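The next block holds one structure in the form of C-alpha cells; read it before the comments.
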Ligand code: KG4
Ligand code: ZN
C-alpha cells in the first residue's frame, strides 16, 4: 500500500511516499528557516505563506523521486495537529483537495505520535528493524516533551509531559540568552563540545512521583548566571552551554528510565528535533544499558519534522 503524506505543522513543508508503513520511497522537505532566523523564532505568518508557495513543488518532487504518479497512490495522510494553525491549514487543505479530486482516503495524523513512528521507517526494503512494541516513547521537540507508554500504534498512554517550556524551546531560549542564534539546539550542542568539562551547578525543577518535566527554571538560572558571572575573567560560555545541556539531558534520561522501570518495559523509542542532540544520544543509551534497557533513535534526517513519519503512521489506521 502506497501512502503519500504531507507535513506542514511548523516551518517545514514536507511530502513523502511510504510503502506499507515501512519503506520510504521519497522524502522531500523544504524549509523556510532562513526567513525566520533573524527574528529569533518562527513567524507563523511567514511560515504559512512560504508553505503555500512550496507545497505544489514539494508534492511533485516527492512523486518524481519515487517515480510514481498520483494515480499510483492508495491513500493520503496529513498532519492534523498540533502545530501553527495557518501552516496546518495549508497542508490539510492541499491533502483534502487531493483526496476529493482522486476519490481516495485521507488519514489525519497526530504530529507527536508521528515523530515516534520515525523509528519504524527505513529506506532499505531488506533491512530488518529491531524495534518492537510495547515500549516507552520519548518525544523531545521544539513544542513538546512527552513520555508515553506505547502499547500499539492506536494506544498511546501519556505518562508525563513538561509543565512549562518544551525541551527544544528551552534550548532555543538559552541559545538566545547566550547570543548564539536560532535554532539554538544544534548551536548549544556544538558549543558544549568545546567545554573544558567544568560543571556549573544548574538544576531542573524536579517533581517527585511524577514523570512530568520543567525546563523553564533552568533557563532563568542560565540568564542569572550570565548576568552575575558573564564578565568574570575565567567565564567560559562553552562551560555554561555544557552545564545546561548536561542537566537537561540527565533529567530526561532519569525520567525516561524511571518510566521503563515502572511499566516494566525494556525498550525506548525517541523522536523530535532534540533527538538529534549528541549528548542525549550518548547519555540515554549508556544510562539505559545499565538497566538492561535498549534505546532507539531515528536517523538524523527523521529526527526533525518530515512527512515520512506521517505517511508511515497512517498505514496503521
Ligand atoms: O521536532 P522539531 O523539528 O520541530 C517541532 O516539532 O518542534 O524540533 C525542533 C527543535 C528546535 O527547538 C531545535 O532547537 C531542536 O529541535 N534541535 C536540537 C538539536 N537539533 C534540533 N536541540 C538540541 N540539540 C540538537 N542537536
Ligand atoms: Zn515536530
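In the numbering used here, the protein residues as written are 1295 to 1611. The C-beta atom is built at its ideal place from N, Cα and C for all residues, glycine as well. Here the structure is a predicted model, which means the values were calculated and not measured.
Can you name the start and end residues of the beta strand (DSSP E) that residue i belongs to?
| i | result |
| --- | --- |
| residue 1540 | Taken as a continuous stretch (DSSP letters only), residue 1540 belongs to no beta strand (DSSP E), being part of the alpha helix (DSSP H) at 1531–1557. |
| residue 1597 | Where residue 1597 is concerned, there is no enclosing beta strand (DSSP E), given that its DSSP letter is neither H nor E. |
| residue 1421 | Where residue 1421 is concerned, there is no enclosing beta strand (DSSP E), given that its DSSP letter is neither H nor E. |
| residue 1516 | Residue 1516 -> not in any beta strand (DSSP E); alpha helix (DSSP H) instead, spanning 1510–1523. |
| residue 1565 | 1561–1565 |
| residue 1589 | 1588–1590 |
Roughly how many angstroms lie between the CA atoms of residue i and residue j, to the nearest whole one?
| i | j | result |
| --- | --- | --- |
| residue 1412 | residue 1527 | 45 Å |
| residue 1610 | residue 1317 | 14 Å |
| residue 1373 | residue 1472 | 33 Å |
| residue 1313 | residue 1297 | 7 Å |
| residue 1406 | residue 1551 | 20 Å |
| residue 1464 | residue 1302 | 23 Å |
| residue 1365 | residue 1396 | 8 Å |
| residue 1324 | residue 1574 | 26 Å |
| residue 1349 | residue 1393 | 15 Å |
| residue 1371 | residue 1434 | 23 Å |
| residue 1315 | residue 1415 | 7 Å |
| residue 1529 | residue 1495 | 14 Å |
| residue 1331 | residue 1568 | 18 Å |
| residue 1505 | residue 1576 | 21 Å |
| residue 1450 | residue 1351 | 34 Å |
| residue 1384 | residue 1467 | 28 Å |
| residue 1305 | residue 1558 | 37 Å |
| residue 1378 | residue 1438 | 13 Å |
| residue 1525 | residue 1531 | 11 Å |
| residue 1583 | residue 1589 | 8 Å |
| residue 1391 | residue 1456 | 36 Å |
| residue 1339 | residue 1511 | 30 Å |
| residue 1485 | residue 1596 | 23 Å |
| residue 1519 | residue 1401 | 48 Å |
| residue 1547 | residue 1579 | 9 Å |
| residue 1488 | residue 1497 | 21 Å |
| residue 1537 | residue 1369 | 47 Å |
| residue 1448 | residue 1592 | 20 Å |
| residue 1542 | residue 1502 | 16 Å |
| residue 1445 | residue 1410 | 13 Å |
| residue 1535 | residue 1483 | 8 Å |
| residue 1436 | residue 1328 | 17 Å |
| residue 1460 | residue 1427 | 26 Å |
| residue 1516 | residue 1408 | 32 Å |
| residue 1347 | residue 1490 | 46 Å |
| residue 1556 | residue 1480 | 32 Å |
| residue 1500 | residue 1508 | 7 Å |
| residue 1257 | residue 1600 | Because the chain is modelled from 1295 through 1611, residue 1257 falls outside the range shown and cannot be assessed. |
| residue 1389 | residue 1514 | 41 Å |
| residue 1353 | residue 1367 | 12 Å |
So, under 8 Å CB-CB, residue i and residue j are touching, yes? Tell me the CB distance rounded to an integer number of Å.
| i | j | result |
| --- | --- | --- |
| residue 1360 | residue 1311 | 5 Å |
| residue 1430 | residue 1553 | 5 Å |
| residue 1322 | residue 1308 | 7 Å |
| residue 1441 | residue 1454 | 4 Å |
| residue 1492 | residue 1522 | Contact doesn't hold; Cβ gap of about 16 Å is too wide. |
| residue 1345 | residue 1387 | No, residue 1345 and residue 1387 are not in contact; Cβ-Cβ is about 10 Å, not under 8 Å. |
At which residues does the alpha helix (DSSP H) containing residue i begin and terminate?
| i | result |
| --- | --- |
| residue 1480 | 1478–1486 |
| residue 1576 | 1572–1583 |
| residue 1604 | 1602–1608 |
Under a Cβ-count criterion, where at least 16 other Cβ atoms within 10 Å of its own Cβ denotes burial, should residue i be classed as buried or exposed?
| i | result |
| --- | --- |
| residue 1452 | exposed |
| residue 1561 | buried |
| residue 1545 | buried |
| residue 1333 | exposed |
| residue 1357 | buried |
| residue 1564 | buried |
| residue 1586 | exposed |
| residue 1342 | buried |
| residue 1443 | buried |
| residue 1603 | buried |
| residue 1375 | exposed |
| residue 1549 | buried |
| residue 1606 | buried |
| residue 1363 | exposed |
| residue 1418 | exposed |
| residue 1423 | exposed |
| residue 1420 | exposed |
| residue 1598 | buried |
Hey, does residue i have any beta-carbon neighbour from chain D nearer than 7 Å?
| i | result |
| --- | --- |
| residue 1309 | Going by chain labels, chain D is absent from the structure shown, which holds only one protein chain. |
Completely contained beta strand (DSSP E) runs for the segment 1444–1508, where each covers 3 or more residues: 1449–1455
Which full runs of the alpha helix (DSSP H) of 4+ residues lie inside the segment 1312–1366, going along the chain? 1327–1330, 1338–1360
Tell me the start and end of each unbroken alpha helix (DSSP H) in the segment 1371–1439 that is at least 4 residues and wholly inside, in chain order. For the segment 1371–1439, whole alpha helix (DSSP H) runs of length 4 or above, ordered along the chain, are 1379–1396, 1405–1411.
With a cut-off of 6 Å, give the chain-ordered residues whose Cβ is closer than this to any heavy atom of the ligand PLP. In terms of ligand content, the structure shown lacks the ligand PLP and carries the ligand KG4 and the ligand ZN instead.
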